[in-house]
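Below is one structure; the comments refer to it alone.
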Amino acid sequence: MSQLPFDDEPETPPDTRRPKLPTAPARGSQPPLAVTAREHSAARAPLAPSVADRRRVLSVSELSARLRGVVESAFAEVWVEGEISNGRAWNSGHFYFTLKDAGAQIKGVVFRSTLRHLKFKPDDGLQVVARGRLSVYEPKGEYQLVCEHLEPKGLGALQLAFEQLKRQLAAEGLFDEARKRALPALPRRIGVVTSIDGAALRDIVRILRRRYPNAHVVIAPTRVQGEGAAADIARALRHVARSDDVDVVIVGRGGGSLEDLRAFNEEEVARAIAACPIPVISAVGHETDFTIADFVADLRAPTPSAAAELVVRKKDEFIAHIDRLAHRVTSAVHGRVRRLEARVHALAGRPALAGFTGRVAWRARHVSELGAALAAAARLGQARRTRQFETLRQAVTRFDPRYRLGAMRAALVTLAGRLDGATARRLHAAQSRFRGAAARLDGLSPLAVLGRGYAVCWNDERTRILTDAGALAPGDGIRVTLERGELHARVIEP
32 MSQLPFDDEP
42 ETPPDTRRPK
52 LPTAPARGSQ
62 PPLAVTAREH
72 SAARAPLAPS
82 VADRRRVLSV
92 SELSARLRGV
102 VESAFAEVWV
112 EGEISNGRAW
122 NSGHFYFTLK
132 DAGAQIKGVV
142 FRSTLRHLKF
152 KPDDGLQVVA
162 RGRLSVYEPK
172 GEYQLVCEHL
182 EPKGLGALQL
192 AFEQLKRQLA
202 AEGLFDEARK
212 RALPALPRRI
222 GVVTSIDGAA
232 LRDIVRILRR
242 RYPNAHVVIA
252 PTRVQGEGAA
262 ADIARALRHV
272 ARSDDVDVVI
282 VGRGGGSLED
292 LRAFNEEEVA
302 RAIAACPIPV
312 ISAVGHETDF
322 TIADFVADLR
332 APTPSAAAEL
342 VVRKKDEFIA
352 HIDRLAHRVT
362 SAVHGRVRRL
372 EARVHALAGR
382 PALAGFTGRV
392 AWRARHVSEL
402 GAALAAAARL
412 GQARRTRQFE
422 TLRQAVTRFD
432 PRYRLGAMRA
442 ALVTLAGRLD
452 GATARRLHAA
462 QSRFRGAAAR
472 LDGLSPLAVL
482 GRGYAVCWND
492 ERTRILTDAG
502 ALAPGDGIRV
512 TLERGELHAR
522 VIEP
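Take the position in the sequence shown, starting the count at 1, then add 31; the result is the number in my numbering.
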């Protein structure tokens with residue numbers, strides 16, 4: 032462990048030197064005395080009553096609190112070098128460890144708020160330099176180093192983080208060549224994930240326009256450096272992956288320092304590239320720059336311009352292959368024709384084939400005549416077959432259910448019209464007869480008579496109509512029916 036600055040302070044003079052603190056008392060013994068210089072001197076002399084009265088006993092908590100105040104004020108900021116061991120990240124997000132060298136060790140802690148800003152992952156065996164303050168953990172009576180900054184000794188933090196993430200992803204198989212996909216031969220839509228203001232985008236678009244003008248470029252603008260750039264790059268990759276018909280994606284930026292390229296060394300970007308369902312070309316920095324994105328991507332391009340060249344090269348190779356095949360086919364056909372012509376000339380020069388040209392011409396004429404006769408016979412046969420087909424078609428049409436159903440439907444419509452007409456006429460005649468009968472019935476109805484002022488007289492039980500006044504006696508009840516309503520009366524005098 033490196034020597035601390037406070038070790039160089041001059042030694043305290045003997046007459047003012049603070050006495051050593053007493054060791055912790057055994058279980059059940061009295062708490063230690065307060066360690067002031069006056070009380071220490073008084074402890075050596077016989078205790079006078081007045082001194083005993085002034086003596087104050089400290090509790091363990093009070094002593095720990097005093098020690099904590101002394102330690103934190105004296106060691107508010109220290110730099111310590113050592114090796115990390117027994118490191119452990121708790122569920123709270125804090126990282127607890129032991130910092131040691133060949134002769135001593137001290138407990139340390141990196142709180143969650145500090146840990147998330149570290150550029151590397153602290154692990155056992157790392158030689159680090161820590162800046163922090165000393166504090167006392169009172170429940171256990173231990174002192175510990177509360178780290179506010181941690182950096183690796185020798186190797187830079189970014190380089191160490193790069194190596195750690197590289198080993199982790201390689202162990203997970205994200206760098207395996209077996210999972211790398213080939214680029215499409217003729218990509219129609221090319222996705223580009225980069226800064227919209229950078230030179231990388233201009234180089235890519237310039238090369239694609241010059242060598243592949245019919246390609247459609249889908250640009251997903253994103254930040255490529257600074258805080259939060261990794262999340263933006265991963266988000267842009269996922270957005271491009273959801274676009275329709277994108278065949279290949281170029282992700283990258285121009286050159287820069289290791290700090291500038293940090294976003295492409297983040298785990299979030301690496302996993303977004305690995306999860307992308309379409310082939311990804313990594314084009315980050317210059318040819319000598321390597322990032323985690325280069326190892327995870329399906330293909331690494333030395334520069335963004337080279338990435339555009341790789342996309343176009345597939346098209347050029349495809350077209351060149353077609354041209355080579357076309358040239359081979361043309362050459363083969365021409366060679367075949369030349370060999371056949373030479374063979375024909377050789378055969379024509381033989382004595383046995385004298386007059387061969389004339390015989391071929393006669394056979395050609397005969398073939399033409401046979402061809403004309405065959406064509407005429409074919410036309411006559413086709414005409415005959417056409418007439419037969421038309422006759423059969425007409426015969427079948429007469430028995431076609433569709434036509435028969437149409438005729439039956441027309442007949443039904445006609446009959447339905449006739450039925451509706453007859454029904455209407457019968458109904459009109461019946462209505463006329465009904466109205467005449469109703470008129471005659473109304474003329475004979477007694478109610479019509481009542482309407483002219485007449486009345487019907489009934490007996491009290493309303494069982495018969497009274498026509499003779501002599502059939503009634505004084506006191507008999509009668510009922511008189513009028514046009515509207517009925518009267519109940521009693522006979523006074525017949």
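Idealized CB from N, CA, C, for every residue including glycine.
ask   = Going by beta carbon distance, what residues of the same chain come within less than 7 Å of G283, once the five residues before and after it are set aside?
value = As a working mapping, residue 283 is identified with position 252 in the sequence shown. T225, A231, S313, A314, V315, P335 and A338.
request  = Select from A294, C307, A96 and I309 the residue whose C-alpha is nearest the C-alpha of P170.
outcome  = The count along the sequence shown starts at 1 and reaches residue 170 at position 139. P170 has its Cα closest to that of A96, out of A294, C307, A96 and I309.
request  = Work out the CA separation of I496 and P525 for me, nearest whole Å.
outcome  = Taking the first residue of the sequence shown as position 1, residue 525 is located at position 494. Taking the first residue of the sequence shown as position 1, residue 496 is located at position 465. Those two C-alpha atoms are separated by around 16 Å.
query = Beta carbon of A303, beta carbon of L268: below 7 Å?
reply = Counting from 1 along the sequence shown, the entry for residue 303 is found at position 272. Counting from 1 along the sequence shown, the entry for residue 268 is found at position 237. Going by C-beta atoms, A303 is nearer than 7 Å to L268.
Top-ranked residue by Cα proximity to L513, from T498, N490 and G484 = Translated into the one-based positions of the sequence shown, residue 513 becomes position 482. The candidate whose alpha carbon is nearest that of L513 is G484.
request  = Starting from the Cα of L481, find the closest Cα among G508, E517, R147 and I350 and give me that residue.
outcome  = As a working mapping, residue 481 is identified with position 450 in the sequence shown. The option with the nearest alpha carbon to L481 is E517.
query = In terms of residues, what are the limits of the alpha helix (DSSP H) holding I238?
reply = For the purposes of this step, residue 238 is taken as the residue at position 207 of the sequence shown. Looking at the DSSP string, the run of the alpha helix (DSSP H) that includes I238 is A230 to R242.
ask   = With burial defined as no fewer than 16 other Cβ atoms inside 10 Å of the residue's Cβ, what is the status of F528: buried or exposed?
value = The shown model of the chain, from 32 to 525, leaves out residue 528, and the question about it has no answer.
ask   = Among I235, A260, Y243 and V223, which residue has its Cα nearest to the Cα of A272?
value = To locate residue 272, count along the sequence shown from 1; it is residue 241. Looking at the Cα atoms, V223 is the closest of the given residues.
Top-ranked residue by Cα proximity to L98, from Q136, Y168, I115 and S144 = To locate residue 98, count along the sequence shown from 1; it is residue 67. Of the listed residues, the one whose Cα sits closest to L98 is Y168.
task = Return the CA-CA distance between L239 and A246, expressed in angstroms with no decimal places.
result = Taking the first residue of the sequence shown as position 1, residue 239 is located at position 208. Taking the first residue of the sequence shown as position 1, residue 246 is located at position 215. Distance between the alpha carbons of L239 and A246: 7 Å.
ask   = Closest to V140 by CA distance: which of R119, G467 and I353 is it?
value = As a first step, residue 140 is located in the sequence shown; it is residue number 109 there, counting from the start. Minimum Cα distance to V140 is reached at R119.
message = If I follow the unbroken beta strand (DSSP E) through R143, where does it start and stop?
response = Within the sequence shown, the letter at position 112 stands for residue 143. Where R143 is concerned, there is no enclosing beta strand (DSSP E), although the alpha helix (DSSP H) it sits in stretches over R143 to L146.
query = Do L200 and A301 have their C-beta atoms closer together than 7 Å?
reply = The residue you call residue 200 lines up with position 169 of the sequence shown. The residue you call residue 301 lines up with position 270 of the sequence shown. Yes.
request  = Excluding the 5 residues preceding and the 5 following R521 in the sequence, name in chain order all residues of the same chain whose CB lies nearer than 8 Å to its CB.
outcome  = As a working mapping, residue 521 is identified with position 490 in the sequence shown. Excluding sequence neighbours, R521 sits near G506, D507, G508 and I509.
query = Since K152 contacts I323 with CB under 8 Å, what's their CB separation in whole angstroms?
reply = Locating residue 152 in the sequence shown gives position 121, counting from the first residue. Locating residue 323 in the sequence shown gives position 292, counting from the first residue. Contact flag wrong, Cβ pair sits at about 14 Å.
ask   = Looking at the structure shown, is Q199 part of a helix, part of a strand, or coil, going by DSSP?
value = For the purposes of this step, residue 199 is taken as the residue at position 168 of the sequence shown. Correct three-state label for Q199: helix.
query = Which of helix, strand or coil does DSSP assign to V522?
reply = Here residue 522 refers to the residue found at position 491 when the sequence shown is read from its first residue. In the structure shown, V522 sits in coil (DSSP, three-state: anything other than H, G, I, E or B).
ask   = Under three-state DSSP, which class holds G59?
value = Start at 1 with the first residue of the sequence shown, and residue 59 comes out as number 28. Confidence in G59 is poor, its pLDDT being 37 and thus under 50, which makes the residue's placement too unreliable to answer from.
Residue environment, E297, which counts as buried when at least 16 other CB atoms sit within 10 Å = If you number the sequence shown from 1, residue 297 lands on position 266. With 16 or more other Cβ atoms within 10 Å, it is buried.
ask   = Which class does A251 belong to by DSSP, given the choice of helix, strand or coil?
value = Taking the first residue of the sequence shown as 1, we reach residue 251 at position 220. In this structure, A251 counts as strand in the three-state DSSP scheme.
key: The beta strand (DSSP E) enclosing Q256, as first and last residue numbers   = Residue numbering aside, residue 256 sits at position 225 when the sequence shown is read from its first letter. It is not in any beta strand (DSSP E) - Q256 carries neither H nor E in the DSSP assignment.
ask   = Are there 16 or more other CB atoms within 10 angstroms of the CB of D411, so buried, or fewer, so exposed?
value = For the purposes of this step, residue 411 is taken as the residue at position 380 of the sequence shown. The question names Asp, but residue 411 is Leu in the sequence shown. Exposed is the call here.
key: Check whether A328 and V343 have beta carbons under 7 Å apart   = Within the sequence shown, the letter at position 297 stands for residue 328. Within the sequence shown, the letter at position 312 stands for residue 343. Not closer than 7 Å, so no.
message = Along the chain, where does the beta strand (DSSP E) containing E514 start, and where does it finish?
response = By 1-based counting over the sequence shown, the position of residue 514 is 483. Unbroken run through E514: none, as it is neither H nor E.
query = Buried or exposed: L446, going by 16 or more other Cβ atoms within 10 Å of its Cβ?
reply = The count along the sequence shown starts at 1 and reaches residue 446 at position 415. Classification for L446: exposed.
message = Please report the straight-line C-alpha distance between D154 and L130, rounded to a whole angstrom.
response = Within the sequence shown, numbered from 1, the residue matching residue 154 stands at position 123. Within the sequence shown, numbered from 1, the residue matching residue 130 stands at position 99. Cα to Cα, the separation comes out at about 11 Å.
Residue range of the unbroken beta strand (DSSP E) whose run includes P183 = Position 152 of the sequence shown, counted from the start, is the residue given in the question as residue 183. P183 -> beta strand (DSSP E) spans E173 to P183.
request  = Please name the residue, chosen from R359, S166, R435 and E114, that lies closest to G156 on a Cα-to-Cα basis.
outcome  = The residue given as residue 156 occupies position 125 in the sequence shown. It is E114 whose Cα lies nearest to the Cα of G156.
request  = Please work out which residues of its chain come closer than 7 Å, Cβ to Cβ, to A486, disregarding the five sequence neighbours upstream and downstream, and give them in chain order.
outcome  = The residue you call residue 486 lines up with position 455 of the sequence shown. The answer, listed in chain order, is V511, T512 and L513.
message = Rounded to the nearest angstrom, what separates A135 and Q175 at their Cα positions?
response = Position 104 of the sequence shown, counted from the first residue, corresponds to residue 135. Position 144 of the sequence shown, counted from the first residue, corresponds to residue 175. Looking at the two C-alpha atoms, the distance is approximately 13 Å.
task = Use the C-beta contact count for G437: other C-beta atoms within 10 angstroms, 16 or more gives buried, fewer gives exposed.
result = Counting from one through the sequence shown, the residue named residue 437 turns up at place 406. Answer is exposed; the Cβ neighbour count stays below 16.
Assigned secondary structure, A502 (DSSP; H/G/I helix, E/B strand, else coil) = The residue given as residue 502 occupies position 471 in the sequence shown. Residue state, collapsed to three classes: helix.
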